[in-house]
Amino acid sequence: MKFFRELLQRWTWQMAWRDTRRDRKRLLLFSLSIIFGTAALVSTGSLRENLRVAIEDQARELLGADLMLSSRRPLSDEALAKFSEIAGERIDETSFMTMLRFVDAEDESRLVQVRAIGKGFPFYGDVVTEPAEAWGDSVAGKGIVLEQSLMDQFDAKPGDFVRIGELNTQILGYLVKAPPRPSAFAAFAPSAYLSPTLLETTELLGSRSLARYRSFFKTPREIDVDEQILTKELKTFLVTEGIQHTSIEERKKRLGRILDNVYSFLSLIGFMALILGGIGIAGAIHVHILSRIGTVATLRCIGCSTNQVFSIFLVQAVLLGVFGSILGTGLGIAVQKAIPVFLSEVFPFEFEAKTSWLSVAASAGISLLLCVSFALFPLIRVRRISPLEALRSGIQPDKVGFRDVLFRSVVAVLVVTLVLSGLLLSPEKMPWLGLAFVGGLGVAIGILTLIAKGISHAARRYRSGFPYTIRQGIANLHRPRNQTLAFTVSIGLGVFLIVTMLATSKMLSSQFSPETKENESNLFLIDVQPDQKQEVKGLIESMDMKVIGDAPMISMRLTHIKGTPVSEIQADEKTRVPGWIVRRDFRSTYRAALVETEELVEGEWIPRVDEADFEKPVPVSIEEGIAKDLQVEVGDELGMDVQGLPLTLSITSIRKVDWDHQGLNFFLVFPEGLLEEAPGFHILTTNAGDSAQSGALQREAAIQFPNVTVFDMSLILKTVEDIVERAGYVVRFMSLYTVGAGIMILVGTILSGQRDRTEESVLLRTLGASREQIRSILLTEYIALGLFAAITGGILSIAATWGLAKFAFKVEFFTHLWPVAGAIVLTSLLCAAFGMILSRGVANHPPLEVLRGGK
Amino acid sequence: MDSENGYILETRNLTKSFKTPDAPELVVLDGINLAVPTGSTCSIVGPSGSGKTTLLGLCAGLDQPSGGDVFLDGEKLSDLSEDQRASLRNAKVGFVFQNFQLVPTLTSLENVLVPLELTGRSDRREQAVELLQRVGLGDRLCHYPVQLSGGEQQRVALARAFVNRPGILFADEPTGNLDEETSEIIVEMLFELNAESGTALVIVTHDHELANLAGQVIRMKGGKIAERTVHSK
C-alpha cells in the first residue's frame, strides 16, 4: 500500500518528468522497439480480421450461396416453404449426367454434367465467360455454355451446335471463371450450363433419370447458418426428407490447413514482435538506469526511500510504454489504412475501412502491460543501488538473483503477463500455441544464459599468442562489467525470434510457391485400362507434363461393419455411423508402400500377400478419419462387395492421410497380390500449366483413348491457390516489423555498455594506446559477442522452427541453413558496425578526462 | 538517550570487514569509538585506505557495520530498516560530497528543494531561494549543474545540505575538487552555516589546514583511531 501511495505522489511524477530532461530524445528513440511491437500487433490483428472476412467471402464464392440443399428428388413444397421463410432468397438447380453431341464435329459425343440453374446464380462471386455476354444469354435460354477444355477437345467454337437429348442448341461461349460446383468430385465430367427452360426441351428429365435437385439460399449476413438455420430440428427434418445440406463452413474446410496456418502465424508474429519490443524496452531502461546510478545514490543519501526512487523510474517506464503503445497503435492503424492505398496489388482482397477499436484497445493494453513487465527487470537494479555510490563510485549493486524475493516476484509478473498475452493472442484453433511459445522462450533464455556463462568461463581460461588488442577484446568477455550475458541473451533472443519467424514464414510460403504447385495434380485421367497405362503415361510425358499420381482403382461397397450388415446399421436410429459412409462407393487401391501424403499411425503395414485367398479375411489399411467414423480399430473386420465378390477385410493398419494435397488418396489401401485381377481401372494425374495445355491433352486423349476421361480440377484449385498466395504476401510483409524491433534491441544493448567502454578506452588512451588499438579491441569484443549470440540464437531457431513445423503448422520441415548462416554473419557484422558507430567518440576522448575523473 | 548526553553522533566499537575469496577477512574498521557533540565540528584525517570514508558511510547510515553500533541523534541505526534510515537522513542529516553529486537533470533551485519535497514541504521555496542567495547564487536559480563551475556546484550542494536544517552534516573531501581560492570560500561558508544553524559538522579530508579548523580531529590509521585531538575554542 505504501508503495502505491508513493507511486501516486505528485512529487514522484514530477521527478520522473524532470529526470527525462536530458534524455528525452534518446528515450523516444528507445520507445521505437515497443512502437514496432504494438504496430505489429495492431496491424496483424486487423490483417487477420480482413483475411478472415476475405476467406468467408471466398468460401461463399466456393459455394455461391450461404446454404445449399440437395436431393435426388425435387425438393418438397414443405421443405422449400420451411427454408424460404427463414433463409431468404433462393435459386434452384437441376443437374444430371448425359451425353452431349457436337453436331459440327461429326456428332462426336462426350459424357457431361448438365446444369440448369435459375437466374441470379451465384449469389456470391461472378461468372466470367468468353464472350462476356454468353452467361447472361444462356440464363435467358439462348443456348449453352461449356468448359473451355471441352471445347478445345472437340475444336468447338461459339456458334457451333450441340445436341442434348431432344435439344439442339448453339454454343454461346466458354467459361473463364466457372460458377461454383456443388461438389468438386461429384462427377468426373465437364459441365454444360443452360437455362431451366432449355432443360425442359431436352425431354431427358423423367422418372428414370438420375437427376439431382438443388436449392441455393442467400441469407442475411447477420445470420449464422450453422447456428441459427441448421437447427437440430431442421436437420432431422432434412434427414427424413432425404435432403442433404451444405453450408460455407464446410466449404471453408476446403481452403485447408494452409490458411489455418496463416491465421496462426499472424497471431504468432504479432506476439513475437511484441516480445522483441519488450526486450528492447528492457534494454532501454537498463541503459537509462546505468546513467542514473549517481542520481539514485544522491537521492538515497538525502533521504529518498527505495520505493520512492523505484517509483520514479517505474513511472518513466509506464510513460514510455504509454507513449510507445499510443504511437505504435497509430502506426499500426496507419499501416492498416495505407495497405489498400499503396499495396492493393499485394493484398488484393478488400480491406474493411473501419477500425475495430476494441481490438486496437486490447492490442495497446497488452503491449503496455508487456512493456511494463519487461521494464521491471532492469528496474530491480534501482532498488539495489547503494547510497554509498555517492561517496565512492564504482560500487557494484547487489547481484540480483533468483534467491531474491523481488526478482522472483518480477519473474512471476512477467510470466503471468506473457502467459495471459499468449492465451489472448493464440489462434482459436491452437490455444496452446501462445503458451508453448512462452515455454519455448523460457527454455531459450535458459540456454542463452548458460551459453553466456560458458563464454565468460572460456574467455577467462583463454590463452593465446594473438596480438594484445585481440587478447584484450576477448578478455573483455569475462572481466567485471562485461556485457556477455546481456548481449548473448538479448541479441541471441532477437536472432532466435527473427530467424524462427523468417524460416517459418519461408516454410509456410513454400506451400504457396509455384514449384510446389507443379507437383500438385490438377488433371485427373480416369478409366485408364491396365493395358493402356504405359501409353497414356507416354502421351502425358510427350506433352511436357509429368505423371504425378498413378494408382489402380477398384470400386466396392461396404456390406458389414464388425459383422453387422450395413442395412441394420442404417435402420438403427441410435447408430453414430454417418449415412453417407455406408451408402458410398469406396474407390480403393492396392500398393506395396505408403505414399508421401500418408503416415502409418497404428498397426502393421502389409506390402503384399503371396497368395490370394479370399476365403480368409483380407488385410487392409484404413484411413484414420474414416476408421473413427466407422468406429473400427486394428483387428476389426469389414465386409465389402467388390463388384459382386463378397470379401471380408481385416484391418491391419491405420493411416493418417494429408488430404490437403490434391493427390491420389484413398480410404482403403490393399496389399499387392490380391486385387490385380479385379475389374478396375487406373487413374493417372498430372499438372497442366494452363488451359491450353490441359485442352491439348484432353483432345489427344479423346482421340487416342476414347474410353479415358480427363477431369480438369484447375478452376477449383485456382480459387484456393489465389487466396493462399495472397496470405503468403501478408506473412512476408508482417515479418518486417520484427526486424525493426530487433535493430532497436541491438542499439539498446550496445548503448548499455557504452559508459564502461568509454571509461576503459580513456584509461587505455592515458596509458598510451592508439586510436587504432582501441578500435581493434572494441571490434574484437563486438564481433565475438555478436557471433556467439547469433550462433546460439540461430541454432535455437532451427529447433523452434522444427517444433513449429511439426506440432503447430504440420508442414514439412526443412533446415534453412543458408538463412541461419546469413543471419549469423549479418548479426555479427551489424553488432560490429553498430558497436563501432555508437562508440565512435570513445577513441577520441582526451586522456585528460581520466585525470579529471569525468567524461 | 545519548542525544540527551549532548551527542548528535556516537559510535561504539564499530567494525567493518569484508570477506575475500582467497585471503583472510579484510578488516577496514576496527573497534571505533567516536562521539560528536551537538553543534560541534569534527574532522577525520588519515592516509588513503585508513577507513575514513567507510567510517563516514557507516555514521551516515549509508552502509551496515559488521559489528558495533552507531547512534544518530539517539537512534540506533542497526535497529532501523534501510527506508527508516533514509527517512532519518532526510530529517537529520546533510551531505556534501567531493564530486558535488548534484542531480544533473535538476536546476540549482530544484536540487536544493529535493530534500524539502521529499517530506512534502515544497512550500518552502523561499527558504531554498534564500539559501542559494546566501551562498551567492541568487542569480543562478534556474541553471543546471553543467552550466555551473565546480565551486558553484559545491555551493549549491551546501545549500541543499543545510536546507532542511539538519542536526549533522557529513562532508566528504568538500574541497577535494576545488582550487585554493574556491576552497576557502566553501570552507568559510561551511563553518558559517554551522555556527548559524547549530548543525554539527563531520568532515573527512586530507587537508590538514581544514582539519585543524574543527573542534575535534580524529586521525585514522589502519582502520583504527590513531590519535584524537580536541581543540579548545
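Chains as they are written, first to last, in the numbering used here: chain A, 4 to 858; chain B, 18 to 250. Every residue, glycine too, gets a C-beta built ideally from N, C-alpha and C.
Could you tell me how far apart the beta carbons of residue i and residue j are, in whole angstroms, since I believe they sit closer than 8 Å?
{"i": "residue 280 of chain A", "j": "residue 628 of chain A", "result": "With a Cβ gap of about 42 Å, residue 280 of chain A and residue 628 of chain A do not count as contacting."}
{"i": "residue 167 of chain B", "j": "residue 192 of chain B", "result": "Wrong, their Cβ atoms sit about 10 Å apart, outside the cutoff."}
{"i": "residue 49 of chain B", "j": "residue 70 of chain B", "result": "About 13 Å; that fails the 8 Å criterion."}
{"i": "residue 654 of chain A", "j": "residue 672 of chain A", "result": "At roughly 11 Å, the Cβ-Cβ gap does not stay under 8 Å, so residue 654 of chain A and residue 672 of chain A are not in contact."}
{"i": "residue 531 of chain A", "j": "residue 687 of chain A", "result": "6 Å"}
{"i": "residue 425 of chain A", "j": "residue 441 of chain A", "result": "5 Å"}
{"i": "residue 63 of chain A", "j": "residue 251 of chain A", "result": "5 Å"}
{"i": "residue 121 of chain A", "j": "residue 140 of chain A", "result": "Between residue 140 of chain A and residue 121 of chain A the Cβ distance is about 15 Å, and since that is not below 8 Å, they are no contact."}
{"i": "residue 216 of chain A", "j": "residue 77 of chain A", "result": "5 Å"}
Note down, in chain order, every chain B residue with its Cβ under 8 Å from the Cβ of residue i.
{"i": "residue 309 of chain A", "result": "99, 100, 103"}
{"i": "residue 761 of chain A", "result": "Those do not exist, as residue 761 of chain A stays about 17 Å from chain B at its closest Cβ, beyond 8 Å."}
{"i": "residue 298 of chain A", "result": "120, 121, 122"}
So which residues on chain B does residue i lean against when the C-beta distance must stay under 7 Å?
{"i": "residue 301 of chain A", "result": "118, 120"}
{"i": "residue 24 of chain A", "result": "122"}
{"i": "residue 452 of chain A", "result": "Result: empty, since nearest Cβ-Cβ is about 23 Å, beyond 7 Å."}
{"i": "residue 21 of chain A", "result": "122, 123, 127"}
Could you list which residues in chain A have their beta carbon closer than 7 Å to that of residue i, in chain order?
{"i": "residue 74 of chain B", "result": "391, 394"}
{"i": "residue 132 of chain B", "result": "305, 306"}
Would residue i be called buried (16 or more neighbouring beta carbons within 10 Å of its own) or exposed?
{"i": "residue 205 of chain A", "result": "buried"}
{"i": "residue 549 of chain A", "result": "exposed"}
{"i": "residue 252 of chain B", "result": "With chain B covering 18 to 250 only, the question about residue 252 of chain B has no answer from this structure."}
{"i": "residue 205 of chain B", "result": "exposed"}
{"i": "residue 102 of chain A", "result": "exposed"}
{"i": "residue 411 of chain A", "result": "exposed"}
{"i": "residue 267 of chain A", "result": "buried"}
Short check: CB of residue i to CB of residue j, under 8 Å?
{"i": "residue 179 of chain B", "j": "residue 305 of chain A", "result": "no"}
{"i": "residue 694 of chain A", "j": "residue 489 of chain A", "result": "no"}
{"i": "residue 118 of chain A", "j": "residue 98 of chain A", "result": "yes"}
{"i": "residue 389 of chain A", "j": "residue 506 of chain A", "result": "no"}
{"i": "residue 125 of chain A", "j": "residue 193 of chain A", "result": "no"}
{"i": "residue 283 of chain A", "j": "residue 747 of chain A", "result": "yes"}
{"i": "residue 467 of chain A", "j": "residue 487 of chain A", "result": "no"}
{"i": "residue 152 of chain A", "j": "residue 698 of chain A", "result": "yes"}
{"i": "residue 123 of chain B", "j": "residue 149 of chain B", "result": "no"}
{"i": "residue 32 of chain B", "j": "residue 46 of chain B", "result": "yes"}
{"i": "residue 635 of chain A", "j": "residue 564 of chain A", "result": "yes"}
{"i": "residue 449 of chain A", "j": "residue 562 of chain A", "result": "no"}
{"i": "residue 331 of chain A", "j": "residue 219 of chain A", "result": "no"}
{"i": "residue 712 of chain A", "j": "residue 543 of chain A", "result": "no"}
{"i": "residue 119 of chain B", "j": "residue 128 of chain B", "result": "yes"}
Quick one: what does DSSP say residue i is sitting in, helix, strand or coil?
{"i": "residue 517 of chain A", "result": "Legend: pLDDT at residue 517 of chain A = 47, less than 50; position of this residue unreliable, no value from coordinates given."}
{"i": "residue 486 of chain A", "result": "coil"}
{"i": "residue 19 of chain A", "result": "helix"}
{"i": "residue 154 of chain B", "result": "coil"}
{"i": "residue 58 of chain B", "result": "strand"}
{"i": "residue 759 of chain A", "result": "helix"}
{"i": "residue 289 of chain A", "result": "helix"}
{"i": "residue 188 of chain A", "result": "For residue 188 of chain A, the predicted model reports a pLDDT of 47, less than 50, meaning its position is unreliable; a value from the coordinates is still stated below. In the structure shown, residue 188 of chain A sits in coil (DSSP, three-state: anything other than H, G, I, E or B)."}
{"i": "residue 266 of chain A", "result": "helix"}
{"i": "residue 206 of chain B", "result": "helix"}
{"i": "residue 493 of chain A", "result": "helix"}
{"i": "residue 631 of chain A", "result": "helix"}
{"i": "residue 107 of chain B", "result": "helix"}
{"i": "residue 243 of chain B", "result": "strand"}
Going along chain A in order, which residues have a C-beta closer than 9 Å to the C-beta of residue i?
{"i": "residue 135 of chain B", "result": "14, 302, 305, 306, 307, 308, 311"}
{"i": "residue 226 of chain B", "result": "The premise fails here: residue 226 of chain B is roughly 22 Å from chain A at the closest Cβ pair, so nothing lies under 9 Å."}
{"i": "residue 70 of chain B", "result": "391, 394, 395"}
{"i": "residue 138 of chain B", "result": "Result: empty, since nearest Cβ-Cβ is about 11 Å, beyond 9 Å."}
So with CB distances below 9 Å, who are the chain B contacts of residue i?
{"i": "residue 387 of chain A", "result": "The premise fails here: residue 387 of chain A is roughly 11 Å from chain B at the closest Cβ pair, so nothing lies under 9 Å."}
May I ask whether a heavy atom of the ligand NAD can be found less than 7 Å away from the beta carbon of residue i?
{"i": "residue 616 of chain A", "result": "Because no ligand of any kind appears in the structure shown, any question about the ligand NAD cannot be addressed here."}
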